[in-house]
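Engineer:
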Amino acid sequence: MPLTYLKIFKFNIAPNPYIFTPSQPLQLHSQPKPSRIKTLEQYTFQQPQILSSFLVTMAPRTTTTLANNTNSVVKQASLSSCAYVTFLAGDGDYWKGVVGLAKGLRKAKSRYPLVVAMLPDVPEEHRKILVSQGCIVREIEPVHPPENQTRFAMPYYVINYSKLRIWEFVEYSKMIYLDGDIQVFDNIDHLFDMPDGYFYAVMDCFCEKTWSNSPQYKIGYCQQCPDKVRWPAEMGPKPPLYFNAGMFVYQPNLSTYHDLLGTLKATSPTLFAEQDFLNMFFRDVYKPIPSDYNLVMAMLWRHPENIDLDKVKVVHYCAAGSKPWRFTGKEENMDREDIKMVVNKWWDIYHDESLDYQNTFYLSFLINLIRTMAPDITTTLANNGNTLVKQASISSCAYVTFLAGNGDYWKGVVGLAKGLRKAESKYPLVVAMLPDVPEDHRKILVSQGCIVREIEPVHPPENQTQFALAYYVINYSKLRIWEFVEYSKMIYLDGDIEVFDNIDHLFDMPDGYFYAVMDCFCEKTWSNSPQYKIGYCQQCPDKVRWPAEMGPMPPLYFNAGMFVYQPNLSTYHDLLETLKVTTPTLFAEQDFLNMFFRDVYKPIPSDYNLVLAIKHNLHKIQQLWRHPENINLDKVKAVHYCAAGSKPWRYTGKEENMDREDIKMLVQKWWDVYNDELLDYKHSTTVVASSGYDLQPILEALFEDGGGHCFTTAPPAA
Numbered sequence: 019m020p021l022t023y024l025k026i027f028k029f030n031i032a033p034n035p036y037i038f039t040p041s042q043p044l045q046l047h048s049q050p051k052p053s054r055i056k057t058l059e060q061y062t063f064q065q066p067q068i069l070s071s072f073l074v075t076m077a078p079r080t081t082t083t084l085a086n087n088t089n090s091v092v093k094q095a096s097l098s099s100c101a102y103v104t105f106l107a108g109d110g111d112y113w114k115g116v117v118g119l120a121k122g123l124r125k126a127k128s129r130y131p132l133v134v135a136m137l138p139d140v141p142e143e144h145r146k147i148l149v150s151q152g153c154i155v156r157e158i159e160p161v162h163p164p165e166n167q168t169r170f171a172m173p174y175y176v177i178n179y180s181k182l183r184i185w186e187f188v189e190y191s192k193m194i195y196l197d198g199d200i201q202v203f204d205n206i207d208h209l210f211d212m213p214d215g216y217f218y219a220v221m222d223c224f225c226e227k228t229w230s231n232s233p234q235y236k237i238g239y240c241q242q243c244p245d246k247v248r249w250p251a252e253m254g255p256k257p258p259l260y261f262n263a264g265m266f267v268y269q270p271n272l273s274t275y276h277d278l279l280g281t282l283k284a285t286s287p288t289l290f291a292e293q294d295f296l297n298m299f300f301r302d303v304y305k306p307i308p309s310d311y312n313l314v315m316a317m318l319w320r321h322p323e324n325i326d327l328d329k330v331k332v333v334h335y336c337a338a339g340s341k342p343w344r345f346t347g348k349e350e351n352m353d354r355e356d357i358k359m360v361v362n363k364w365w366d367i368y369h370d371e372s373l374d375y376q377n378t379f380y381l382s383f384l385i386n387l388i389r390t391m392a393p394d395i396t397t398t399l400a401n402n403g404n405t406l407v408k409q410a411s412i413s414s415c416a417y418v419t420f421l422a423g424n425g426d427y428w429k430g431v432v433g434l435a436k437g438l439r440k441a442e443s444k445y446p447l448v449v450a451m452l453p454d455v456p457e458d459h460r461k462i463l464v465s466q467g468c469i470v471r472e473i474e475p476v477h478p479p480e481n482q483t484q485f486a487l488a489y490y491v492i493n494y495s496k497l498r499i500w501e502f503v504e505y506s507k508m509i510y511l512d513g514d515i516e517v518f519d520n521i522d523h524l525f526d527m528p529d530g531y532f533y534a535v536m537d538c539f540c541e542k543t544w545s546n547s548p549q550y551k552i553g554y555c556q557q558c559p560d561k562v563r564w565p566a567e568m569g570p571m572p573p574l575y576f577n578a579g580m581f582v583y584q585p586n587l588s589t590y591h592d593l594l595e596t597l598k599v600t601t602p603t604l605f606a607e608q609d610f611l612n613m614f615f616r617d618v619y620k621p622i623p624s625d626y627n628l629v630l631a632i633k634h635n636l637h638k639i640q641q642l643w644r645h646p647e648n649i650n651l652d653k654v655k656a657v658h659y660c661a662a663g664s665k666p667w668r669y670t671g672k673e674e675n676m677d678r679e680d681i682k683m684l685v686q687k688w689w690d691v692y693n694d695e696l697l698d699y700k701h702s703t704t705v706v707a708s709s710g711y712d713l714q715p716i717l718e719a720l721f722e723d724g725g726g727h728c729f730t731t732a733p734p735a736a
């Protein structure tokens, strides 16, 4: 019998009546059979090439899973779907705390990554250090509170509102936030298993002078020991429970994020900035957890009866003078032996070179990756550990498309996902979708293995609303895909494109350029262009030459339905800033992208984006009318059904040019893919190693050693 795994969540009765204790999962193991195979460690360190083949075969970035009911959407969740997250700002020394935290999580054998949400003012050298320690570096923009929200107990508290950005990290289903001055001394991964829908954190202590303005401090009442000094009835209802915001368990959610920002605008000033604000916002769903999960320093001298240092899992060095990397022992209470002990424990971890994120550790981390099949490892290091590979997954590449509204374009995306699978792509398909896409459409896409990622619209200025077709205005939202910096390179494909042959090799083209297929100016939609007026087309520049009297030849112009690009936050911000000062153009974001990337644009063959207007160019048999000499249908890899009436899911054959046999043939090819149930995203147990390695022993090792989890392969491009 295989290993049996049973997870039980229960609540223990804690000394404080307000607190419930999450128990770690209980594992019930059947008697293991004698092992006939190598351990995962042996495979990892002795046969890494086989392991690499296994990872590629098992779809190394499966970031969407389905529940047993395929109608259940697990939105943007990896198989692990969880991560730790911290916050960093400025050029100070707090990066040392984050390094210590990263190493502490490794020592505690956490299975989950540490994301560092950092402001743009963090120096590059600090970023490199954090990446060299295995952190996922994710830049965020500051959140500025209104003017009535700038009177705080400490002036620097104002920047802490930027922590609200972590609710945007919806590629994770659940996260644990930890301040940079926190250290983890024991594994707390089980907190991710607590029931959804609540905000979990440790209650704060009101016994320090920093709380001298609070009614709790004035009467000596503290929620940590509510029976020591009871809340007097004459003071009215007891205050709601109040947590320390240095550590909490939460669920990223865009709706919650927008509610947070909206509420912030109408919130009156508070001394403790975002901590007071979060307490107010999550008051109704807050669930306290024991102090062992966030031991603030004051607890050691205020409530020693509540603390057993041997059981403490997380220490918060938040008292004045307690930051280990600044510790002198001269500040108040800092000469205590217990304080010195926990400071030394921090340094022991910080100085432990065996905990550095190195290739040797990466291999062992790979074991955990396989055991959990959580391929969302979004930071890797080159052989030189100081080399920054920013937010790159093991594959680091993905296809991406865009979807908006409640129309039928989702059918095109389904066809695209299935086409990528048929072409045996190794990479996932991300769907950047606007909030107006209905939930039932999202579920369909997730059921087809897509990574659903909601984005906010990009609204062009008023001078950018005169387009050839009115709906083009929404296409500016495609600019958001430059924010997807967890991928090092992406291929954008419109939802009305189908891929008929593998194009993964495009990810291997040299960095620093924008690759796309040149457009065709021969259709009436271009009637206002000088190219159309004189019959010149860049697809066949020698057929009608550009006349010298018209000045320099126009720059090459690409179709923006397919392009290869590198996500980058700096580029994204430059795109938005440039958009603000751009004059109106007929073809919206396509004209804009052509202007923006003019100097780095590199054309690729039409086979990678055969637009049906060029395609009316196409067939070597039927002599399609524009550029048939340029097209060999047998070699076409991607077809763009962009001509009026050519969308396969709306096709009638009645629109102009749509009764052609070559058009009908391409439409039928799309339907053949769309209707092929064998291409549906289903959990398959078949493993085929393209490298030729026998992967069955690794599968057996996984099942033998992996805690009884059921591991299934993810189809390519899922």
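Residue numbers for the sequence shown follow the numbering used here, beginning at 19 and rising by one. By construction, the Cβ of each residue, glycine as well, lies at the ideal position given by its N, Cα and C atoms.
Could you tell me the distance, in whole angstroms, from the CA atom of E189 to the CA atom of A101?
Structural biologist: Here residue 189 refers to the residue found at position 171 of the sequence shown. Here residue 101 refers to the residue found at position 83 of the sequence shown. Rounded to the nearest angstrom, the two C-alpha atoms are 10 Å apart.
Engineer: On the three-state DSSP scale, how would you describe D394?
Structural biologist: Here residue 394 is taken as the residue at index 376 of the sequence shown, counted from 1. The predicted model places D394 with a pLDDT of 36, which falls under 50 and marks its position as unreliable, so this point remains unresolved.
Engineer: CB V133 to CB V103, shorter than 7 Å?
Structural biologist: Reading the sequence shown from its first residue, position 115 is the one you call residue 133. Reading the sequence shown from its first residue, position 85 is the one you call residue 103. In contact: V133 and V103 (Cβ atoms closer than 7 Å).
Engineer: Do you know how far the Cα of Y179 is from the Cα of A291?
Structural biologist: Start at 1 with the first residue of the sequence shown, and residue 291 comes out as number 273. Start at 1 with the first residue of the sequence shown, and residue 179 comes out as number 161. Cα to Cα, the separation comes out at about 7 Å.
Engineer: So, does the segment 518-533 touch the segment 660-678, judging by three or more C-beta pairs under 8 Å?
Structural biologist: As far as the Cβ criterion goes, the segment 518-533 does not touch the segment 660-678, which means the pair count is below three.
Engineer: Exposed or buried, which one is S273 when buried takes at least 16 other CB atoms within 10 Å?
Structural biologist: Position 255 of the sequence shown, counted from the first residue, corresponds to residue 273. Answer is exposed; the Cβ neighbour count stays below 16.
Engineer: By how many angstroms is the C-alpha of M683 removed from the C-alpha of Y533?
Structural biologist: Locating residue 533 in the sequence shown gives position 515, where the first residue counts as 1. Locating residue 683 in the sequence shown gives position 665, where the first residue counts as 1. About 28 Å.
Engineer: Taking P213 as the reference, give the member of N586, G347, I473, Y304 with the closest Cα.
Structural biologist: Taking the first residue of the sequence shown as 1, we reach residue 213 at position 195. Ranking the options by Cα distance to P213, first place goes to Y304.
Engineer: Going by C-alpha to C-alpha distance, which of C468, P258, K127, G264 sits closest to G430?
Structural biologist: Stepping through the sequence shown from its first residue, residue 430 is reached at position 412. Comparing Cα positions, the closest option is C468.
Engineer: Quick one: Cα of Q640 to Cα of A662, how far?
Structural biologist: Reading the sequence shown from its first residue, position 622 is the one you call residue 640. Reading the sequence shown from its first residue, position 644 is the one you call residue 662. Because the pLDDT of Q640 is 28, which lies under 50, any placement of that residue in the model is unreliable, and the question is left without a value.
Engineer: State the DSSP-derived secondary structure class of T39, mapped to helix, strand or coil.
Structural biologist: Locating residue 39 in the sequence shown gives position 21, counting from the first residue. Because T39 carries a pLDDT of 45, less than 50, the predicted location of this residue cannot be relied on, and no value is offered for it.
Engineer: Give every residue of the same chain whose Cβ lies closer than 6 Å to the Cβ of E673, excluding the five residues on either side of it in the sequence, and list them in chain order.
Structural biologist: The residue you call residue 673 lines up with position 655 of the sequence shown. Closer than 6 Å at the Cβ level, and outside the excluded window around E673, lie A662, G663.
Engineer: Which residue wins for smallest C-alpha separation from L123, given the options W500, F615, S624, Y368?
Structural biologist: Stepping through the sequence shown from its first residue, residue 123 is reached at position 105. L123 has its Cα closest to that of Y368, out of W500, F615, S624, Y368.
Engineer: Count the other CB atoms within 10 Å of the CB of D526; is the residue buried (16 or more) or exposed (fewer)?
Structural biologist: In the sequence shown, residue 526 corresponds to position 508, counting from 1. With fewer than 16 other Cβ atoms within 10 Å, it is exposed.
Engineer: Within a Cβ cutoff of 7 Å, which residues of the same chain sit near Y112, ignoring the five residues on either side of it in sequence?
Structural biologist: Residue 112 sits at position 94 when you count from the first residue of the sequence shown. Contacts found: L106, G198.
Engineer: Is DSSP giving Q686 helix, strand or coil here?
Structural biologist: By one-based count along the sequence shown, residue 686 stands at place 668. If DSSP states are grouped into helix, strand and coil, Q686 belongs with the helices.
Engineer: Leaving aside the five residues before and after F210 along the sequence, list all residues of the same chain whose C-beta is less than 6 Å from its C-beta, in chain order.
Structural biologist: In the sequence shown, the residue the question calls residue 210 occupies position 192. Same-chain partners within the cutoff: C100, K192.
Engineer: What is the residue span of the beta strand (DSSP E) that L511 lies within?
Structural biologist: Here residue 511 refers to the residue found at position 493 when the sequence shown is read from its first residue. Residues 507-511.
Engineer: Which of the three DSSP states, helix, strand or coil, is assigned to T285?
Structural biologist: Translated into the one-based positions of the sequence shown, residue 285 becomes position 267. Here T285 sits in coil by DSSP.
Engineer: So within the segment 261-314, which uninterrupted alpha helix (DSSP H) runs reach at least 4 residues, ignoring any that extend past its ends?
Structural biologist: List check, alpha helix (DSSP H) in window: 272-283, 291-299.
Engineer: For H208, count the other beta carbons within 10 Å of its own beta carbon; 16 or more makes it buried, fewer makes it exposed. Which is it?
Structural biologist: Stepping through the sequence shown from its first residue, residue 208 is reached at position 190. Flag for H208 reads exposed.
Engineer: Using a Cβ distance threshold of 8 Å, determine whether the segment 603-616 contacts the segment 574-593, with at least three qualifying pairs required.
Structural biologist: Output reads yes: the segment 574-593 touches the segment 603-616.
Engineer: By the three-class DSSP mapping on this structure, what secondary structure does K127 have?
Structural biologist: Position 109 of the sequence shown, counting from 1, holds the residue named residue 127. Three-state DSSP puts K127 in coil, outside helix and strand.
Engineer: Return the chain-ordered list of same chain residues with a C-beta closer than 6 Å to the C-beta of Y380, the five sequence neighbours on each side being excluded.
Structural biologist: In the sequence shown, residue 380 corresponds to position 362, counting from 1. Its pLDDT being 48, under 50, Y380 is placed unreliably by the model, and nothing is read from it.
Engineer: Examine the Cβ distances between the segment 595-614 and the segment 504-518 and report whether three or more of them are shorter than 8 Å.
Structural biologist: Cβ pair count under 8 Å is below three, so no.
Engineer: Please classify H144 as buried or exposed, where buried requires at least 16 other C-beta atoms within 10 Å of its C-beta.
Structural biologist: One-based indexing of the sequence shown puts residue 144 at position 126. The residue in question, H144, is buried, as its Cβ has 16 or more Cβ neighbours within 10 Å.
Engineer: What is the DSSP secondary structure of N401, reduced to helix, strand or coil?
Structural biologist: The residue given as residue 401 occupies position 383 in the sequence shown. Low confidence applies here, because N401 scores a pLDDT of 33, under 50, leaving its location unreliable; read the following figure in that light. N401 falls in the coil class under three-state DSSP.
Engineer: To which residues does DSSP link Y619 through a beta bridge?
Structural biologist: Here residue 619 refers to the residue found at position 601 when the sequence shown is read from its first residue. Beta-bridge pairing links Y619 to F532.
Engineer: Could you pull out every residue in the same chain whose Cβ sits closer than 7 Å to the Cβ of D277, ignoring the five residues on either side in sequence?
Structural biologist: Looking up residue 277 in the sequence shown gives position 259. Nothing listed; no residue qualifies.
Engineer: Beta strand (DSSP E) containing A450: first to last residue?
Structural biologist: Taking the sequence shown and counting its residues from 1, one reaches residue 450 at position 432. It spans 447-451 - the beta strand (DSSP E) in which A450 sits, taken as one unbroken run.
Engineer: Rounded to whole angstroms, what is the Cα-Cα separation between Q293 and A337?
Structural biologist: The sequence position of residue 293 within the sequence shown is 275, counting from 1. The sequence position of residue 337 within the sequence shown is 319, counting from 1. So the alpha carbons of these two residues sit roughly 16 Å apart.
Engineer: Alpha carbon to alpha carbon, how far is P258 from E457?
Structural biologist: Position 240 of the sequence shown, counting from 1, holds the residue named residue 258. Position 439 of the sequence shown, counting from 1, holds the residue named residue 457. Taking the straight line joining both Cα atoms gives about 36 Å.
Engineer: Between A120 and Q151, is the Cβ-Cβ spacing less than 7 Å?
Structural biologist: Within the sequence shown, residue 120 is the residue found at index 102, counting from 1. Within the sequence shown, residue 151 is the residue found at index 133, counting from 1. The answer is yes: Cβ separation under 7 Å.
Engineer: Ignoring anything shorter than 4 residues, give me the alpha helix (DSSP H) runs that lie fully in the segment 137-225, in order along the chain.
Structural biologist: Listed in chain order, they are 142-150.
Engineer: Whole-angstrom Cβ separation of N297 and F266, contact assumed at under 8 Å?
Structural biologist: Within the sequence shown, numbered from 1, the residue matching residue 297 stands at position 279. Within the sequence shown, numbered from 1, the residue matching residue 266 stands at position 248. 10 Å between Cβ atoms; not a contact.
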